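Notes for the one structure printed next.
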Amino acid sequence: MSHLHDAVIVGAGFGGMGAAIQLHRLGFDDLVILEREDDLGGTWHVNRYPGLAVDIPSSTYSYSFEQNPYWSRLFAPGAELKRYADHVADKYDVRRHMRFGVTVTEAEWDEASATWTVTTAAGEEVRGRYLMTATGFLSQPKLPDIPGIETFRGTTIHTAAWDDDIELTGQRIGVIGTGATAVQLIPELAKVASHLTVFQRTPIWVSAKIDGPVPKAVQRLFARVPLTQRLVRTVGTSVLEVMMVAGVLHFADLRTANRIGENACRAHLRRQVSDPELRRKLTPTYQFGCKRPTFSNDYYPTLQKPHVHLETGTIDHVDETGIVTADGTRADLDVLVLATGFDLWEANFPAFPIVGRDGRELGRFWRETRFCAYEGVAVPDFPNYVSLNSPYSYSGLSYFTTIETQMRHLDRLFRAMRARGADVFEVTQAAYDGFLERMRDLLEPSVFNAGDCSGSRSYYFNQHGEATLLRPTSTVAAFRGAARFPLDDYELRTAPRPVAQGR
Ligand code: NAP
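To convert, count from 1 in the sequence shown and add 1215; that's the working numbering.
Written out as structure tokens, the structure is:
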């Protein structure tokens, strides 16, 4: 039988690294982090399209315990995030656990030995006492199911598989999608394309971006007096928190807060677009917050350049030379960019089959019942399994809030196990059911339930029509939940010891 690691972590992005750092703090050192890509960093390794930048202020979008004083801009470019991930991996000594180019195909719990066995695409089996999946939310690229798309003879590229070698200069480029990725990419493509056609199905709420370089003197101040950067972080986190809690989660009681967000976006659109017809096309019909809004100062101006065209007609099909819309309009293209986002609910929850006790498969269980994980981490019948990209786990707008809340949860859980001499945990059905009921009640006044999200096609909603991605509480409440959850919400026990085999 293969070696038994303390934990197998799947995913070497910020979530997986956070889990490894927490396990180190708890005294576990025999970890293996399996990563399908050829390097660490998750989103920030995979995404490298032109214009990529963080869309949460960088002082907030980082681990609270490892602030980076040297972000070059308020919203740092993607390459800096990748460098930050490398820095964290080295400083916290988690790189040595990582194995790259390893695609996990399945994980299965063995009740008799109380261990997880993870199978890889190469047929290898990797065993761990604990299994933690940190495979991200936006990690399974979605390819649009458009008739004829495979027949296109030019270059087709998804934004999450960017290739710097493709020729863009002087090309006729088409972009399908107008989500946060497209909003960042389109202004960059327009700088080099001879003609750019943007195919929009659903417009996105866009607000002005307050961005700019962080002066060297400020970076030095952050480095010398970290408290100053913490203050900036607190302000950034608080603004995002108010947007989220007041504008989105308490929509039914605080309509004005939601309107402030929507009006800010409408004003930005009015300032930047004078043509009423174009403005109409760019105005979403769903309420602010149904879908993640974005920030940009150059998206709307780009759409008004003479060589850029916003196409809102329904795409009928793609043929060898371009895209044809339902009214017969053709756009001849050299390059087709798919800014079509990610498949969360079909391909990603979970990212590969996870088989718990009695053959229960997590994906089927979620689809046949409801999507949920207790406190965004645990599911009954899946002992010793921590799902870090779970329904109801995403708390606040910065992913780091989620990661650190989960790290806190692990801290409390594993210390309780140690105190009781246990090494197996399993959330009780009652705790899981109670959490699910509470989340569903909390969602009632949110924009997702009380607002009009019908035209949004938002990835916050699962295939049951429920918005179960975000945890409908403040980040403070989420952190409090992680720090104080009742310990008897878990059954803790001791794993069977292997019988000595002799020599
Ligand atoms: P997205 O928000 O899911 O947007 C995908 C776009 O593709 C949508 O406009 C969608 O239209 C369109 N689309 C998909 N399939 C289509 C089809 N068959 N025909 C026509 N249009 C189609 O994906 P994303 O822009 O990659 O952004 C995903 C998330 O990543 C963001 O919400 C954000 O959280 C994150 N993000 C973060 C950053 C950052 O921090 N720097 C940058 C980029 C993205 P419909 O809306 O009509 O489906």
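Ideal placement from N, C-alpha and C gives every residue a C-beta, glycine not left out. No experiment lies behind these values; they were computed from the predicted model shown.
- Scanning its chain for C-beta atoms nearer than 6 Å, with the 5 sequence neighbours on each side dropped, one finds around residue 1502 the residues 1662, 1666, 1667, in chain order.
- The count of Cβ pairs closer than 8 Å, one atom from the region 1498-1515 and one from the region 1411-1430, reaches three, so the stretches are in contact.
- Residue pairing by DSSP puts residue 1547 in a beta bridge opposite 1537.
- Fewer than three pairs of CB atoms, one per stretch, sit closer than 8 Å, so the region 1553-1570 makes no contact with the region 1439-1457.
- Scanning the region 1621-1703 for uninterrupted alpha helix (DSSP H) segments of 4 residues or longer gives 1644-1658, 1662-1665, 1690-1699, listed from N- to C-terminal end.
- For residue 1410, the uninterrupted beta strand (DSSP E) run begins and ends at 1410-1414, by DSSP.
- For residue 1483, the enclosing alpha helix (DSSP H) starts and ends at 1470-1487.
- When 1221, 1660, 1481 are compared, the shortest CA-CA separation from residue 1467 is found for 1660.
- For residue 1360, the shortest C-beta to heavy atom distance toward the ligand NAP is below 7 Å.
- If you check the C-beta of residue 1558 against the ligand NAP, you find no heavy atom less than 7 Å away.
- Closest in alpha carbon position to residue 1627, among 1594, 1651, 1590, is 1590.
- Counting the other Cβ atoms within 10 Å of the Cβ of residue 1275 gives 16 or more, which makes it buried.
- Distances from the CB of residue 1476 to the heavy atoms of the ligand NAP are all 7 Å or more.
- If you keep only unbroken beta strand (DSSP E) runs of at least 3 residues inside the region 1330-1397, you get 1330-1335, 1340-1348, 1370-1373, 1387-1391.
- Rounded to whole angstroms, the Cβ separation of residue 1268 and residue 1291 is 7 Å, and the two are in contact under 8 Å.
- Counting only runs of 3 or more residues that sit fully inside the region 1292-1323, the beta strand (DSSP E) segments are 1313-1315, in chain order.
- Placement of the Cβ of residue 1357 at a distance of less than 7 Å from at least one heavy atom of the ligand NAP is found.
- Counting of Cβ neighbours within 10 angstroms places residue 1633 among the exposed residues, the total staying below 16.
- The continuous beta strand (DSSP E) containing residue 1600 extends over residues 1600-1602.
- Assignment of beta strand (DSSP E) within the region 1245-1281, counting only whole runs of 3 or more residues, yields 1246-1250 in chain order.
- Distance from the CA of residue 1516 to the CA of residue 1570, rounded to the nearest whole angstrom, comes to 50 Å.
- Between the ligand NAP and the CB of residue 1310, the shortest heavy atom gap is not smaller than 7 Å.
- Look at residue 1444: its beta carbon is at least 7 Å from all of the heavy atoms in the ligand NAP.
- With three or more CB-CB distances shorter than 8 Å, the region 1248-1266 counts as touching the region 1294-1309.
- Note that the C-beta distance between residue 1617 and residue 1694 is not below 8 Å.
- Proximity of the region 1597-1609 to the region 1314-1334 meets the contact definition, three or more beta-carbon pairs being nearer than 8 Å.
- Nearest Cα to residue 1682 within the set 1688, 1689, 1674: 1674.
- For residue 1457, the enclosing alpha helix (DSSP H) starts and ends at 1441-1457.
- Exposed is the label assigned to residue 1489, since fewer than 16 other Cβ atoms lie within 10 Å of its Cβ.
- With 16 or more neighbouring CB atoms inside 10 Å of its own CB, residue 1487 falls in the buried class.
- DSSP places residue 1241 outside both helix and strand once states are collapsed to three, so it counts as coil.
- Counting along the chain, residue 1582 sits inside the alpha helix (DSSP H) bounded by residues 1577-1583.
- Straight-line spacing of the CA atoms in residue 1283 and residue 1686 works out to 27 Å.
- Separation of residue 1333 and residue 1355 (C-alpha to C-alpha, rounded to the nearest whole angstrom) is 20 Å.
- Contact check for residue 1456 and residue 1689: beta-carbon distance about 6 Å, within the 8 Å limit, so the pair qualifies.
- Apart from sequence neighbours up to five positions away, the residues of its chain that approach residue 1426 with a beta-carbon distance below 7 Å are 1288, 1289, 1290, ordered along the chain.
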